[in-house]
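The block underneath contains the structure these notes are about, expressed in C-alpha cells.
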Amino acid sequence: MPDEPALPCLRPQGRRPPPPTPRRAAAPRAQAGVSARTRRILAITFPHLAAEAQLRREGRRGLEIPFAITGAVKNALRLISVNPAALRAGLLPGMSLADARAACPEVATRPQSPDRHEAHLQALVRWAERFSPIVGRDREDTLVLDITGCAHLFGGEAAMAREVSDACAALGLTAQTGIADTRGGAWALAHMSPGIAAAGHTRAALEDLPISALRLNEDQVEELSAVGLSTIGLVANGPRGQIARRFGVETLKRLDQALGAEPEPISPARAEPRFAARLSLPEPVGLTRDVMAGLENLLERVTADLARAHRGARHLRLTAARVDSRDETAEIRLARPNRDPMRLRALFERKMGEMDAGFGIEALHLVALETETLKPTQARRESEGDRLADLISRLGNRIGFENVTRLLPNESHIPERAFTTAAAAWSEPESFPASLPRPISLFAPEPLGHLPGRPPEQFRWRGETLHLLSATGPERIAPEWWWDDPEWRSGPRDYWRVATREGPRLWLFQTHRPRPLWWIQGQFA
Amino acid sequence: MLDSAMKQPDLTRLLCAGRVHEAMGLGNRVFAASLARALSGPVIWLITQQSRERLCPQGLVRFFDPARLILVSPPDRRALLQSMEEALRSGAAPLVTGETGRAPDLTESRRLQLAAAGGGRGLCLIADAMTNAAETRWHCSPRPGTETAQTWDLVKNKKGALGTWSLA
C-alpha cells in the first residue's frame, strides 16, 4: 500500500512485539485476573442448523448421505445449509446447486423455509434457558448465554459445554461452543476454534484467530486481509488511529467488544410465551367425536395457560398428525380475544368437516398463533357485545374476516373515498358526522352520453328512458391534487340530485374535460 | 284501500321479531334503513361481492348511524343465505338485512324462518316476488313526480291486514 507509508511496518517480523500499553482504562480489567465483575459468556453456534433441523423434522436425523437446503440467492439456486456428510463430500453453503450436483450427484435437497428456520431458532432460545436465564441471539444462528455464576451448577464450564454439545447431538444438531469473558470473544471461539478461554485470558485465546472471527462483514474482512492484517492479534496491535481511518470505526468497535474494552451486554431475547399443547393418542382415531374429545382436552390446557398469563387467543391452529404422516390443519380466528374453551370448541366444530382423517389420526397439536391481553373479568351474563363478537368470528371463519367489515369515515370530499372499509374484527365503530345529501346506493359511474341541458331533460339509464322532474345542484367536487385517481382525471365534477318523472331519484354528475359528459353514480331511492 | 294517512307506519310492530320479511322495489334499501332507525343495536347487512351497488354511509346517516352497521360480503348468493341464517340464529343483531337478489324459494325462506325463530328479525331485499314463507312482503317505490316521497305497499301479510303507506 504505497499511499500509506505507515502500514507495511504492521506486518509481523518473526515474533510479534509485546502488546503496547493499553490505551483505554477499560482494557486492564480485561487483562487482569478474575475480578468480581468479570462476566462469562457462552456462545453456541449451529453450523448445520437448517439442514439438520429439516432432517430431524423428517425423522432422519444423522443421515449419512449428503443433504442440503437450497434457496434463491442472487437469482440462482444456491446451497443455504449442508449437513456434515455433504461437507465431507466437498459441498459448502453458498455453492450453486448446479455446481453441487456436479460435484456430488447423490446430494438430496429441500427448499428453504425461513419461517421454520426462525421458529426453530426461537425454540432453541427457549431450550437454552435451561442453562442460563440470560439468553440472547447474535447474528443469524448463534445463541449467546451469560453464564456468569451458572457454570458450577453443571460441574464447571467444560462440563457445561460438553452438556450443551451432547444435548444438541441428542436433538440431531451439531453445536460448537465457545466460552470467554466477552460476547465477541465467545462468538469468535465458537465459530473459529471451539473451546474455552480461561477467565482473563480472552485476548491470548483470540490473538491467533483470523479476523473473520470479529463479526465484521465480508468487505471489511477482505480489506483488512489485503494489507496483511489477517489475525485478530495483528489488528489489536496495530495503530488504532490509522485502522479507524482506513477501515472505519466499526472494525475497532468489534475488536474492542471481542477483547472486552467496550462493553457489549446481552439483551435477552426472552422467548415469547407459547400457548400450545400436544396430545398423542394410544390408537389412531378417525371419528369426529374422538377428535373433538381430544380437542377439548387440548383446549382446556391451552386456555388454562392463557388465563394464567391474562391473555386471550385471536388465532388458533389445530394440527392433526395422521398415520400416513400427512398433517391436516384447521384454523380459527376470533373477532376479539377469547379463552372460553366452549366457544373455541364451537368454532372448531364447524372446521372438523373439512379435515380428512385418512387412515387415522395419531396426535393432535393445538397452538395459539396470535394472542392479546385479556384481563380476567368477573363472571357475568353474556352481553350483546359478546354475542356480536361471536357472530363476527363465526362469519369470519366461514367467509373470511376480510369480508365482514365496518365502514369508517375518511377525510375526503370525493364520494367514493369519504369512507373506508375495515375488517370488523380489527376495528372499532366510528360515528359519521352529518353530511351533504348523499345517495344510499353508490356504484361505479355509468356514462349517459353527451347530452344537452343542465341536467339533461331526458336520458336512458339501464334500459329505461327517464324524464327530468326536478334537480338540485350543482355541487362542484374537485379532484384531490395529492391523489392521482384515474377516475378523476377528467377534472372537477358538477353533481346534481335529480328526481325523475318515472320515480328513480338519481345522483348525476357532469364532467367538462375533454367535452361535457353526463354520468350516473348513485341512487337515492 | 284506505291510505293510512301521511303517517309513518309502526315498522317494529308490522315487521315482528323472530320472523323474516321481504321488501322489493327501488326503495327497498330506504325501507331497510328506516326499519334500522326504528330499532336500536347493531345492523347486519349482507351484500354479495358481485353486487355493483355499494352502500354509502353518508347516505345512510340520514336514517341511522353507520357505526351500527356490520357489512358482510359473501362470495355468492348461497354463502349469503348461509351467513344470513348464521346471523339470524345468533340473535346478536335486532335486524339482519340480506340482499338476496332473486327471492328465497320455499326451502330457503323456510330455513331462514327457522333460524330467525330465536329472536332475530330478517329482511330480504329482493328483486322479484316468489311464493315462499316470508312473513310480510313490502313493495317500496319512490312516488313518481315527487322528490322524496315514498309509497310502501304491504302486499303480503300472513297475520294481519294489508295496507299502503305514503311517506312525505
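Protein chains in written order, with our numbering: chain X, 1 to 525; chain W, 1001 to 1168.
All C-beta atoms in this analysis are idealised placements derived from N, C-alpha and C, irrespective of residue type, glycine included.
Annotation: Ser427 (chain X) to Arg489 (chain X) spans about 32 Å, alpha carbon to alpha carbon.
Its Cα nearest to that of Ile179 (chain X), the residue X:Ile44 stands out among X:Arg476, X:Pro239, X:Ile44, X:Asn397. The three-state secondary structure of Pro210 (chain X), taken from DSSP, is strand. In terms of Cβ geometry, Leu91 (chain X) and Ala102 (chain X) do not form a close pair [threshold 8 Å]. Contact check between the segment 242-252 of chain X and the segment 211-224 of chain X: three or more CB pairs, one atom from each, fall below 8 Å, which counts as touching.
Residues of chain X whose Cβ lies closer than 9 Å to the Cβ of Gly1119 (chain W) do not exist, since the nearest Cβ in that chain is about 11 Å away.
Between Ala307 (chain X) and Leu366 (chain X), the CB-CB gap reaches or exceeds 8 Å. Rounded to the nearest whole angstrom, the CA to CA distance from Asp1128 (chain W) to Thr472 (chain X) is 32 Å.
When DSSP reads this structure, Asn1157 (chain W) sits in a beta bridge with W:Thr1136. Rounded to the nearest whole angstrom, the C-alpha separation of Arg139 (chain X) and Thr1048 (chain W) is 49 Å.
About 7 Å separates the beta carbons of Ala1033 (chain W) and Ile440 (chain X), which is inside the 8 Å limit, making them a contact pair. The beta carbon of Ile440 (chain X) sits closer than 8 Å to some beta carbon of chain W. Residue contact check for Leu1125 (chain W) against chain X: no CB pair falls below 8 Å. The Cβ of Ala1168 (chain W) sits no closer than 8 Å to any Cβ of chain X. For Gly360 (chain X), the closest Cβ of chain W is not nearer than 8 Å. For Arg1013 (chain W), not one C-beta of chain X is nearer than 8 Å to its own C-beta.
Under the Cβ criterion (8 Å, minimum of three pairs), the segment 1085-1105 of chain W does not count as touching the segment 466-481 of chain X. Within chain X, the residues Arg398, Ile399 have their CB atoms less than 9 Å from the CB of Gln1082 (chain W), given in chain order. Every alpha helix (DSSP H) stretch that sits fully inside the segment 104-178 of chain X and reaches 4 residues is listed by chain position as 114-128, 157-170. Proximity of chain X to Asp1065 (chain W) at the Cβ level (cut-off 7 Å) is accounted for by Ser431, Phe432, in chain order. The straight-line gap separating the alpha-carbon atoms of Asp141 (chain X) and Arg1089 (chain W) is approximately 52 Å.
Interface with chain X (8 Å Cβ-Cβ cutoff): Leu1112 (chain W) is excluded.
Put simply, the CB of Phe419 (chain X) is near chain W, with a gap under 8 Å to one of its CB atoms. The three-state secondary structure of Asn237 (chain X), taken from DSSP, is helix.
Runs of the beta strand (DSSP E) spanning 3 or more residues and lying entirely within the segment 1046-1097 of chain W occur at 1069-1072, in chain order.
DSSP places Val227 (chain X) in the coil class of the three-state scheme, outside both helix and strand.
If you draw a 10 Å sphere on the C-beta of Pro1066 (chain W), you find 16 or more other C-beta atoms in it, and that means buried. In the DSSP assignment, Asn397 (chain X) falls within the unbroken alpha helix (DSSP H) covering 384-399. Around Leu395 (chain X), the same chain offers Val404 as residues with beta carbons nearer than 7 Å, after the five sequence neighbours per side are excluded. Contacts between Leu1060 (chain W) and chain X, judged by CB atoms closer than 7 Å, involve Ile440 in chain order.
Secondary structure of Glu464 (chain X) (DSSP, three-state): strand. For Val404 (chain X), the neighbours in chain W by C-beta distance under 7 Å run, in chain order, Ile1070, Val1072. At a cut-off of 8 Å between beta-carbon atoms, Gln1150 (chain W) makes contact with chain X.
At a cut-off of 8 Å between beta-carbon atoms, Cys1016 (chain W) makes no contact with chain X. Here Asn1028 (chain W) is buried. Its C-beta has 16 or more other C-beta atoms within 10 Å.
Taking every protein chain shown into account, the CB of Trp1152 (chain W) has 16 or more other CB atoms within 10 angstroms, so this residue is buried.
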